[in-house]
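Number of protein chains: 2
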Amino acid sequence: MQTSQIILVSHPVGSVKESDLACRTAPVAEPGDGQVLVEVAYLSLDPAIRYWLNAADTYMPGARIGEPVRCFAGGTITTTRHADFPVGTYVTGLLSAQSHIVTDGKGLVRCDLADGSASWHLGVLGMPGMTAYFGLLERARPVAGDTLFVSGAAGTVGTMVGQIAKIHGCRVVGSAGSDEKCAWLVDEMGFDAAFNYKTESPAVALKRLCPAGMNIYFDNVGGDMLDAALLNLARGARVVICGALSQYNEGHYAGPRNYMKLLTARATMNGIIVFDFFEQWQTAARQIAAWLKAGRLKSVEHIESGIARFPAALIDLYAGKHVGKVLVKI
Amino acid sequence: MQTSQIILVSHPVGSVKESDLACRTAPVAEPGDGQVLVEVAYLSLDPAIRYWLNAADTYMPGARIGEPVRCFAGGTITTTRHADFPVGTYVTGLLSAQSHIVTDGKGLVRCDLADGSASWHLGVLGMPGMTAYFGLLERARPVAGDTLFVSGAAGTVGTMVGQIAKIHGCRVVGSAGSDEKCAWLVDEMGFDAAFNYKTESPAVALKRLCPAGMNIYFDNVGGDMLDAALLNLARGARVVICGALSQYNEGHYAGPRNYMKLLTARATMNGIIVFDFFEQWQTAARQIAAWLKAGRLKSVEHIESGIARFPAALIDLYAGKHVGKVLVKI
């Protein structure tokens with residue numbers, strides 16, 4: 001049997017280019033004892049992929065040339081020699097960009113398709129949804145009446161953070177890269193306000209939209225946005241570092257020059273790594289599924305077709321071409 | 001009656017210069033109803049004074065030209081029209097650099113000289129001691145076996161943080177600006193190790209002295225030291241921002257470029273403002289006094305004589321000329 005893969009040809013310098021990635025076919029062995037074969041249905045395009053493509057080890061090993069690009073994916077067990085994974089089970093996990101994979105099942109999540117569609121299990125019910133859920137509820141601990149600001153608000157994590165914060169009685173402000181996205185955040189996602197960081201300085205916008213300061217800043221982008229947010233913290237604010245999308249393409253990270261505001265605002269800054277909450281994913285998925293069914297949360301997706309579209313879809317992701325969850329259907 | 005004052009002539013640009021400050025004499029009115037006259041015995045020289053000398057408002061209003069330099073001081077009530085402050089009471093507070101002051105008593109701490117000498121109430125039993133005590137115990141929450149690193153270790157806050165951490169069973173590493181200070185930290189203050197940041201790169205030294213990473217970083221200096229410490233955090237580490245001595249003289253602050261280590265190390269960064277714990281100062285002073293009496297803590301002081309020495313003593317403080325607490329006796 002053959003698997004189609006998107007592999008790393010060269011570590012990206014700056015933005016990912018099509019030439020950094022390539023499509024190839026490779027043989028797949030039969031599953032051995034304790035292994036399963038997954039036929040992948042969807043590849044998940046997440047901002048963290050750029051971070052994972054760097055050579056340096058972080059909370060995961062650095063990317064290696066010639067290996068499939070690390071990404072989340074979802075698929076169905078078609079052959080099994082593992083008692084926990086009967087044929088037909090839909091699973092998600094860090095399966096990387098490939099159409100078929102043999103694995104021992106470690107790190108796989110068994111999904112209940114009654115909770116939501118296969119693709120949803122990579123979005124609102126998957127890693128980005130869990131990142132938003134645990135980052136907000138376990139790290140930021142919102143209370144009704146809090147003002148929350150989330151950057152990168154039109155992405156899956158951003159829309160989920162905003163919507164879950166609304167469910168918890170927060171006032172929600174977001175930033176995005178176009179007027180259309182901002183209008184969509186307010187009209188469709190129920191945000192209280194949003195601003196276009198490409199046409200209005202974050203420092204000015206945040207003063208305008210959070211006149212009493214923000215109680216929570218959920219940071220997906222880092223850089224100037226983080227600095228502007230630090231200047232606008234309310235007393236006792238919580239800053240949750242989720243990503244640094246504005247910095248991944250730079251050779252080095254810009255540090256938050258206004259970090260002393262943590263002192264003056266009696267604020268706390270920490271980070272969310274969703275894998276730390278792995279044991280609680282299914283409980284959270286059930287809660288999110290209930291909110292989706294009750295119409296209190298919306299799932300928004302953009303789906304491309306064919307594994308060969310993966311590089312272009314990844315480039316579009318960083319160009320901010322779409323809102324919500326971006327997927328490639330194999 | 002007259003008071004001698006050290007006043008601000010010009011907001012310092014970079015390091016404080018003697019010409020930024022001046023000595024003058026001004027009349028003092030008799031205390032009105034609800035007021036007291038304090039005859040000041042000691043002025044306290046603390047790193048934060050440079051921060052307080054800036055024009056910009058922070059957690060306190062910015063400094064204004066012509067006003068006495070904001071600093072802690074201790075003195076005796078010599079005239080009173082306030083029931084809470086009988087004549088003879090020794091008090092400390094933000095009395096600023098002057099020999100006599102009339103005040104309504106707001107923010108004054110009544111000191112028990114049985115706990116320690118008048119000067120100690122500005123050091124180990126005063127603001128720096130409280131900063132170390134609450135910053136360490138309330139923000140960093142040390143547990144036995146933790147490795148703690150404190151920068152600016154030879155100052156009052158640094159020596160107190162290190163000593164209190166030792167009492168709580170931590171392994172304690174410090175940084176200071178000379179080999180003599182480092183030897184003194186180990187030999188006299190009971191630190192497990194210390195390094196001279198002027199002759200060894202913090203990144204190299206911290207890897208050498210904290211091979212398993214640090215559980216607590218108590219930051220008095222900011223800048224490159226903070227960045228090096230972030231790279232060396234153990235999982236679940238707590239970073240407590242107390243000051244940014246390396247940055248006060250700069251026009252702008254360098255942001256910690258390695259702040260994403262908070263994410264990967266599952267670490268938390270927040271700040272300590274000692275005034276937030278004002279209600280608990282006397283309880284803490286009693287605990288510190290008990291440790292001093294039991295020989296578990298040492299107080300180290302350098303005392304200059306005469307208010308006119310204040311500007312020179314302040315410049316010496318930033319030059320790191322002394323260890324422990326620096327005071328001017330009026």
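Those sequence lines, one after another, are chains Y and P.
Take the first sequence: its position 178, counted from the start at 1, is 178 in the working numbering, and no numbers get skipped.
Take the second sequence: its position 201, counted from the start at 1, is 201 in the working numbering, and no numbers get skipped.
Even for Gly, the Cβ is constructed at its ideal location relative to N, Cα and C.
When the options are compared against residue i, the one with the closest alpha-carbon
{"i": "VAL172(Y)", "options": "SER44(Y), ASN215(Y), LEU263(Y), TYR51(Y)", "result": "ASN215(Y)"}
{"i": "ILE315(P)", "options": "VAL274(P), SER19(P), TRP281(P), GLN5(P)", "result": "SER19(P)"}
{"i": "ASP187(P)", "options": "VAL274(P), LYS298(P), PRO61(P)", "result": "LYS298(P)"}
{"i": "TYR357(Y)", "options": "VAL69(P), LYS106(P), GLY88(P), MET260(P)", "result": "With chain Y represented from 1 up to 330, any question about residue 357(Y) goes unanswered, as that position is not in the structure."}
{"i": "LEU108(P)", "options": "PRO256(P), SER99(P), GLY126(P)", "result": "GLY126(P)"}
{"i": "THR76(P)", "options": "VAL87(P), PRO256(P), TYR59(P), PHE278(P)", "result": "VAL87(P)"}
{"i": "ILE102(P)", "options": "LEU113(P), ALA183(P), ARG81(P)", "result": "According to the sequence as given, residue 102(P) is Val; it is not Ile. Among LEU113(P), ALA183(P), ARG81(P), the Cα nearest to that of VAL102(P) is on ARG81(P)."}
{"i": "ALA144(Y)", "options": "VAL240(Y), ILE164(Y), TYR133(Y)", "result": "ILE164(Y)"}
{"i": "THR199(P)", "options": "PHE218(P), GLY177(P), TRP184(P)", "result": "GLY177(P)"}
{"i": "VAL13(Y)", "options": "ARG309(Y), GLN247(Y), GLY174(Y), GLU30(Y)", "result": "GLN247(Y)"}
{"i": "TRP184(P)", "options": "VAL323(P), TYR133(P), GLY66(P)", "result": "VAL323(P)"}
{"i": "ARG296(P)", "options": "LYS166(P), PHE278(P), ASP192(P)", "result": "LYS166(P)"}
{"i": "HIS121(P)", "options": "THR92(P), GLN280(P), SER96(P), ARG141(P)", "result": "THR92(P)"}
{"i": "MET160(Y)", "options": "SER44(Y), LEU37(Y), ILE273(Y), PHE218(Y)", "result": "PHE218(Y)"}
{"i": "ASP115(Y)", "options": "ALA228(Y), LYS293(Y), ASN258(Y), ASP46(Y)", "result": "LYS293(Y)"}
Interface residues of chain P facing residue i [CB-CB closer than 7 Å]
{"i": "ALA244(Y)", "result": "MET260"}
{"i": "THR92(Y)", "result": "Going along chain P, no residue has its Cβ under 7 Å from THR92(Y), so there is no contact; the nearest lies around 22 Å."}
{"i": "THR89(Y)", "result": "The contacting residues do not exist; THR89(Y) stays about 31 Å from chain P at best."}
{"i": "TYR59(Y)", "result": "THR264"}
Contact set between residue i and chain Y, taken where Cβ atoms lie within less than 8 Å
{"i": "PRO256(P)", "result": "GLY255, PRO256, TYR259"}
{"i": "HIS252(P)", "result": "ARG257"}
is_contact[residue i, chain Y] using C-beta, thresh 8 Å
{"i": "ARG208(P)", "result": "no"}
{"i": "ARG70(P)", "result": "no"}
{"i": "ILE49(P)", "result": "no"}
{"i": "ILE164(P)", "result": "no"}
The alpha helix (DSSP H) enclosing residue i, as first and last residue numbers
{"i": "LEU206(Y)", "result": "202-209"}
{"i": "LYS293(Y)", "result": "281-293"}
{"i": "LYS166(P)", "result": "156-167"}
Beta-carbon neighbours of residue i, restricted to chain Y and to distances below 7 Å
{"i": "ALA267(P)", "result": "ASN270"}
{"i": "ILE303(P)", "result": "The premise fails here: ILE303(P) is roughly 29 Å from chain Y at the closest Cβ pair, so nothing lies under 7 Å."}
Beta carbon proximity, residue i to chain P, threshold 8 Å
{"i": "TYR217(Y)", "result": "no"}
{"i": "ASP46(Y)", "result": "no"}
{"i": "ILE332(Y)", "result": "With chain Y running from 1 to 330 in the structure shown, residue 332(Y) is simply not present."}
{"i": "ILE77(Y)", "result": "no"}
Contact list for residue i against chain P, beta-carbon separation under 9 Å
{"i": "LEU136(Y)", "result": "Those within 9 Å of LEU136(Y) in chain P number zero; the least Cβ separation is about 15 Å."}
Partners in chain Y for residue i, counting only beta-carbon separations shorter than 9 Å
{"i": "ASP276(P)", "result": "ARG266"}
{"i": "ILE241(P)", "result": "TYR259, MET260, LEU262, LEU263"}
Range of the contiguous beta strand (DSSP E) that encloses residue i
{"i": "PHE310(P)", "result": "Careful: PHE310(P) lies outside any beta strand (DSSP E), inside the alpha helix (DSSP H) at 310-318."}
{"i": "ILE6(P)", "result": "2-8"}
{"i": "TYR42(Y)", "result": "36-45"}
{"i": "GLU180(P)", "result": "Looking at the DSSP string, GLU180(P) is not in any beta strand (DSSP E); the run it does join, the alpha helix (DSSP H), is 179-187."}
{"i": "PRO61(P)", "result": "Here PRO61(P) belongs to no beta strand (DSSP E), and DSSP marks it neither H nor E."}
{"i": "TYR90(Y)", "result": "90-93"}
{"i": "MET130(P)", "result": "No beta strand (DSSP E) contains MET130(P), which is instead part of the alpha helix (DSSP H) from 127-134."}
{"i": "LEU77(Y)", "result": "At residue 77(Y) the sequence reads Ile, which differs from the Leu that was named. Where ILE77(Y) is concerned, the enclosing beta strand (DSSP E) stretches over 73-80."}
{"i": "ARG24(Y)", "result": "21-27"}
Partners in chain P for residue i, counting only beta-carbon separations shorter than 8 Å
{"i": "ILE273(Y)", "result": "LEU263, THR264, ARG266"}
Counting pairs of Cβ atoms below 8 Å between the stretch 224-236 of chain Y and the stretch 196-211 of chain Y, do you hit three or more? yes
For the structure I just gave you, are there three or more beta carbon pairs, one from the stretch 4-14 of chain Y and one from the stretch 286-301 of chain Y, closer than 8 Å? no
Taking three-plus beta-carbon pairs below 8 Å as touching, is the stretch 121-137 of chain P in contact with the stretch 302-309 of chain P? no
Answer yes if the stretch 153-173 of chain Y comes into contact with the stretch 110-130 of chain Y, meaning at least three C-beta pairs across the two stretches below 8 Å, and no otherwise. yes
Do the stretch 260-270 of chain Y and the stretch 261-280 of chain P meet, that is, are 3 or more Cβ pairs less than 8 Å apart? yes
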